[in-house]
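A quick write-up on the structure given underneath.
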């Protein structure tokens with residue numbers, strides 16, 4: 001099942017794929033990019049109460065060309081958060097409800113025979129959007145889950161031998177049901193590793209929940225939310241982030257953190273994870289109005305980027321524990 005929340009993503013190329021090649025857009029200034037991110041976060045907070053850190057993490061992943069896995073109990077605002085981000089940047093949004101009977105073609109699209117033209121025509125699936133919400137992704141079997149692998153890594157979809165580019169920007173926000181584990185499928189590590197970040201929203205505190213009730217007692221605030229920017233400006237901010245300086249000492253620090261996880265766990269962080277940490281650290285520096293990365297930026301991003309990629313050696317240990325050990329043990333040089 002799919003659900004359209006916004007179909008006018010600003011550029012005509014959004015619905016059909018567009019250009020997935022290197023960007024030719026001029027980057028924003030560092031200050032302008034930081035202000036843009038703050039403006040988007042403030043706008044999303046009109047709908048989402050008390051989750052500023054989570055909103056920032058999603059935007060960091062988006063600007064770092066990454067994807068986000070949200071794991072939490074039902075009803076904590078995961079879907080509304082994804083919709084609010086998409087609306088704030090005037091992006092196309094598609095929601096896919098993952099179920100046991102969902103087919104890969106229901107996600108990527110399918111060639112349909114047109115009897116009038118006597119030719120096959122491609123009907124794009126919901127993955128052809130700027131923001132794709134894969135709702136309860138672990139309810140679908142591995143074959144269907146794998147339909148996102150090419151899209152997430154290469155930003156393209158291949159159907160019947162034809163490869164089509166996905167729109168830019170492109171981000172998958174997947175939610176994972178961690179309550180009814182007996183009715184779900186475990187995500188393969190090949191897919192988990194493609195998520196730049198894994199987050200948990202958690203329950204709001206009493207004051208925050210009272211605010212949520214007050215805001216939604218009548219009309220839901222998502223109904224009145226307006227965009228504060230568009231996809232083009234977001235891509236320009238992404239170009240700014242890609243040009244943030246990442247000097248050799250910081251690059252080596254990221255590498256040594258990853259190496260520590262490989263030595264201390266059954267399965268440590270992959271080079272893809274190290275790249276994700278480097279890119280998210282660039283965006284974190286941008287949030288602070290800097291054009292260079294510091295070890296503090298790396299430390300701020302390490303837990304959400306590394307932990308879900310790690311399989312500890314014992315059941316008493318978690319990925320977060322291994323990352324905490326790395327941050328406390330590996331020296332900053």
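Numbering (full-length UniProt numbering), first residue to last: 1 to 333.
In this text, a Cβ means the ideal position worked out from N, Cα and C, and glycines have one as well.
Exposed or buried, which one is residue i when buried takes at least 16 other CB atoms within 10 Å?
{"i": "residue 143", "result": "exposed"}
{"i": "residue 51", "result": "buried"}
{"i": "residue 326", "result": "buried"}
{"i": "residue 253", "result": "buried"}
{"i": "residue 125", "result": "buried"}
{"i": "residue 178", "result": "exposed"}
{"i": "residue 69", "result": "buried"}
{"i": "residue 318", "result": "exposed"}
{"i": "residue 152", "result": "buried"}
{"i": "residue 316", "result": "exposed"}
{"i": "residue 67", "result": "buried"}
{"i": "residue 190", "result": "exposed"}
{"i": "residue 116", "result": "exposed"}
Taking the straight line between their C-alpha atoms, what separation do you get for residue i and residue j?
{"i": "residue 213", "j": "residue 119", "result": "53 Å"}
{"i": "residue 21", "j": "residue 155", "result": "Because the pLDDT of residue 21 is 47, which lies under 50, any placement of that residue in the model is unreliable, and the number read from its coordinates should be weighed accordingly. Computed Cα separation, rounded: 10 Å."}
{"i": "residue 40", "j": "residue 47", "result": "12 Å"}
{"i": "residue 224", "j": "residue 161", "result": "42 Å"}
{"i": "residue 342", "j": "residue 175", "result": "Here the chain comprises residues numbered 1 to 333, so residue 342 is not present and cannot be evaluated."}
{"i": "residue 192", "j": "residue 24", "result": "31 Å"}
{"i": "residue 322", "j": "residue 299", "result": "13 Å"}
{"i": "residue 110", "j": "residue 332", "result": "51 Å"}
{"i": "residue 346", "j": "residue 113", "result": "The question about residue 346 has no answer here: the residues shown for the chain are numbered 1 through 333."}
{"i": "residue 145", "j": "residue 329", "result": "36 Å"}
{"i": "residue 32", "j": "residue 87", "result": "20 Å"}
{"i": "residue 183", "j": "residue 202", "result": "22 Å"}
Hey, could you find the ends of the alpha helix (DSSP H) residue i is sitting in?
{"i": "residue 231", "result": "231 to 242"}
{"i": "residue 252", "result": "248 to 264"}
{"i": "residue 323", "result": "319 to 329"}
{"i": "residue 298", "result": "295 to 306"}
{"i": "residue 145", "result": "142 to 145"}
{"i": "residue 274", "result": "271 to 287"}
Note the first and the last residue of the continuous beta strand (DSSP E) segment covering residue i.
{"i": "residue 133", "result": "131 to 135"}
{"i": "residue 107", "result": "Here residue 107 belongs to no beta strand (DSSP E); instead the alpha helix (DSSP H) covers 104 to 108."}
What do you reckon, is the C-beta of residue i under 6 Å from a heavy atom of the ligand PLP?
{"i": "residue 166", "result": "For the structure depicted, the ligand PLP is absent and the ligand set is empty, with no information on it obtainable."}
### Task
Count the CB pairs spanning the segment 261 to 280 and the segment 298 to 313 that are closer than 8 Å, and state whether there are at least three.
yes
### Task
Ignoring anything shorter than 4 residues or poking outside the segment 35 to 83, list the alpha helix (DSSP H) runs there in chain order.
52 to 63
### Task
Taking 8 Å as the threshold, find out whether the segment 126 to 137 comes into contact with the segment 89 to 98 through three or more Cβ pairs.
yes
### Query
Three or more C-beta pairs closer than 8 Å, one from the segment 155 to 166 and one from the segment 55 to 62: is that the case here?
no
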